[in-house]
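Colleague: Each residue of the sequence shown is one higher than the last, beginning at 127 in the numbering used here. Have a look at this one before I ask anything.
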Amino acid sequence: MQNNRRILTFAALALATVIPAEGPKFAPAAGTKLSRHLELKSDLAVGDVRLFADGTEMDGPPDGWTLTLGSAWKFAVVDTLGALEDGRVVRTERSFTELQRTETAGSEEEDLTERVEYTLASPLQAETVVFTWNSESERYDVAALDEDSDLDEDLLAGLTQDLDFAALLPTGEVEVDATWEVDAAALAPYLSPCGDLGFEIEDEEEEGDSFLAALATTLTPFGVADDCEGTLRATLTAVDTETQRATIRLTGQMNWNADRSELLRERWETLEGTDEDGPEKMTAAFQWEVEGELHWDLARNHMHALKLSGDQTLEASMGGTEEDREVRLDFEFAGTLSLAVTLE
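Here it is as structure tokens:
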């Protein structure tokens, strides 16, 4: 009987070390180094296009005309985390080891096919920055790790620290099969990972239709959102005592708007060498049906992996002046959107 008690006591202690009583939480130890890989992919196909000139609707594209947009982003960053205060890392040293972005667009009409593909580069490639929490301004101050770096201050000011995914966690203790709601705005930072990375067209001399090129490099769901709303339903579906990881199921809908007018004008000037007679305004409204899983490391108290995917829709409006007329194109797109994050 005494031996049985010892066995039961040992089993209880073993389980206590791998299943934290408070469940998944964000509490990495100071000095933790995380090598994160992010992949974002969007594919869209036009469903409807309407053309307006001086407020009057005109004939649209011919029957059989198609338009597709594709966006693929790959990121690799290495974060070294400082101490945690009030659930927030007070210092993060982030090295950008890989920043790849490819945008494509294609149209087809009878025997005429047009396609463009652009690679965009960021000045942050191979650079390291430091985020330091400022309790007075309640935001992170950002600076280059190398004091002699020539990184632009405006570029640094557009960066964001949040790659923690802590906002997706429950606020208190939960058991398997417990559910909670998450504001969909918690996902917004991850559709523009690390903020505005200053991507610019790498090959400005590439030939191709400027209209398609402007759409390809501007009309993407990956970018800073002006506002976001929606609700996600999170469920703790499993706790694996062997791997010491929890699985959280996420479902719901996310809606966000973005004004891409300034970016559109910049892209057009880059593509055409002038901002004359180019499009001036672009607004976009995105909707994403989200489904996927978040895997949380219970031993180290940080995210292990995330995979989300689902159908997306996009309503966009693009306008400008052409031959002294106010011209506007309204688009409706549908397609798929995915986000995957893994640790090396």
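Beta carbons are placed, not taken as given, at the ideal position from N, Cα and C, and that holds for glycine. Computed from a predicted structure; not experimentally measured.
Count the CB pairs spanning the stretch 336-344 and the stretch 358-375 that are closer than 8 Å, and state whether there are at least three.
Modeller: Counting Cβ pairs under 8 Å, fewer than three are found: no touch.
Colleague: Say whether the stretch 344-360 touches the stretch 305-323, bearing in mind that this needs 3 or more beta-carbon pairs closer than 8 Å, one atom from each stretch.
Modeller: Yes, the stretch 344-360 touches the stretch 305-323.
Colleague: One question on the structure: do L440 and L170 come within less than 8 Å of each other, judged by their Cβ atoms?
Modeller: Within the sequence shown, numbered from 1, the residue matching residue 440 stands at position 314. Within the sequence shown, numbered from 1, the residue matching residue 170 stands at position 44. Yes, the Cβ-Cβ distance between L440 and L170 is below 8 Å.
Colleague: I need the boundaries of the alpha helix (DSSP H) containing A342, first residue and last residue.
Modeller: For this step, residue 342 is matched to residue 216 along the sequence shown. Start and end: S336 to T344.
Colleague: Skipping 5 residues on each side, what residues in its chain have a beta carbon closer than 7 Å to that of E236?
Modeller: Taking the sequence shown and counting its residues from 1, the one referred to as residue 236 is at position 110. G190, listed in sequence order.
Colleague: Which same chain residues, not among the five before or five after T422, have their C-beta less than 7 Å away from its C-beta?
Modeller: Here residue 422 refers to the residue found at position 296 when the sequence shown is read from its first residue. The amino acid occupying residue 422 in the given sequence is Trp; Thr does not appear at that position. Contacts found: P150, R371, A372, I374, M429 and H430.
Colleague: Can you tell me whether DSSP reads R393 as helix, strand or coil?
Modeller: Translated into positions along the sequence shown, residue 393 becomes position 267. Looking at R393 - three-state DSSP - the assignment turns out to be helix.
Colleague: On the CB-based measure, 16 or more other CB atoms within 10 Å of its CB, does M444 come out buried or exposed?
Modeller: Here residue 444 refers to the residue found at position 318 when the sequence shown is read from its first residue. Buried, because 16 or more other Cβ atoms sit within 10 Å of the Cβ of M444.
Colleague: Given a cut-off of 8 Å on the beta-carbon distance, is the pair L285 and A312 in contact?
Modeller: Taking the first residue of the sequence shown as 1, we reach residue 285 at position 159. Taking the first residue of the sequence shown as 1, we reach residue 312 at position 186. Going by C-beta atoms, L285 is not nearer than 8 Å to A312.
Colleague: Provide the residue(s) that pair with S168 in DSSP beta bridges, ordered along the chain.
Modeller: As a first step, residue 168 must be located in the sequence shown, where it is residue number 42. According to DSSP, S168 bridges with S197 and L463.
Colleague: Could you check where the alpha helix (DSSP H) with E279 kicks off and where it finishes?
Modeller: Taking the first residue of the sequence shown as position 1, residue 279 is located at position 153. E279 to A283 is the extent of the alpha helix (DSSP H) around E279.
Colleague: Going by the DSSP bridge assignment, what does L295 pair with across the sheet?
Modeller: Working through the sequence shown from its first residue, we reach residue 295 at position 169. Answer is none; L295 lacks a bridge partner.
Colleague: From the DSSP output, read off the bridge partner residues of K159.
Modeller: The count along the sequence shown starts at 1 and reaches residue 159 at position 33. Per DSSP, T206.
Colleague: Between E240 and D335, is the Cβ-Cβ spacing less than 8 Å?
Modeller: Numbered from 1 along the sequence shown, position 114 holds the residue referred to as residue 240. Numbered from 1 along the sequence shown, position 209 holds the residue referred to as residue 335. Against a cut-off of 8 Å, the Cβ pair of D335 and E240 comes out as a contact.
Colleague: Is the Cβ-Cβ distance between A227 and W199 less than 8 Å?
Modeller: In the sequence shown, the residue the question calls residue 227 occupies position 101. In the sequence shown, the residue the question calls residue 199 occupies position 73. Looking at the sequence provided, one finds Arg at residue 227 rather than Ala. Contact: yes.
Colleague: In the DSSP assignment, the beta strand (DSSP E) including T245 goes from what residue to what residue?
Modeller: Counted from its first residue, the sequence shown places residue 245 at position 119. L238 to A247 is the extent of the beta strand (DSSP E) around T245.
Colleague: Quick one: what's got a C-beta closer than 6 Å to T409's C-beta in the same chain, skipping five residues either side?
Modeller: On the sequence shown, residue 409 is found 283 positions in, with the first residue counted as 1. Cβ neighbours of T409 beyond the five flanking positions: D385 and S443.
Colleague: Ordered along the chain, which non-local residues of its own chain (more than five positions away) have a Cβ less than 8 Å from that of V242?
Modeller: Here residue 242 refers to the residue found at position 116 of the sequence shown. Cβ within range, chain order: T230, A231, G232, E332, G334, D335, L338, A339 and A342.
Colleague: Considering only their Cβ atoms, is the gap separating R220 from T254 smaller than 8 Å?
Modeller: As a first step, residue 254 must be located in the sequence shown, where it is residue number 128. As a first step, residue 220 must be located in the sequence shown, where it is residue number 94. The answer is yes: Cβ separation under 8 Å.
Colleague: Buried or exposed: which applies to G70, given that a residue is buried once 16 or more other Cβ atoms fall within 10 Å of its Cβ?
Modeller: Nothing can be reported for residue 70, as the shown portion of the chain is limited to 127 through 470.
Colleague: For L434 versus G418, is the C-beta spacing smaller than 8 Å?
Modeller: If you number the sequence shown from 1, residue 434 lands on position 308. If you number the sequence shown from 1, residue 418 lands on position 292. Yes.
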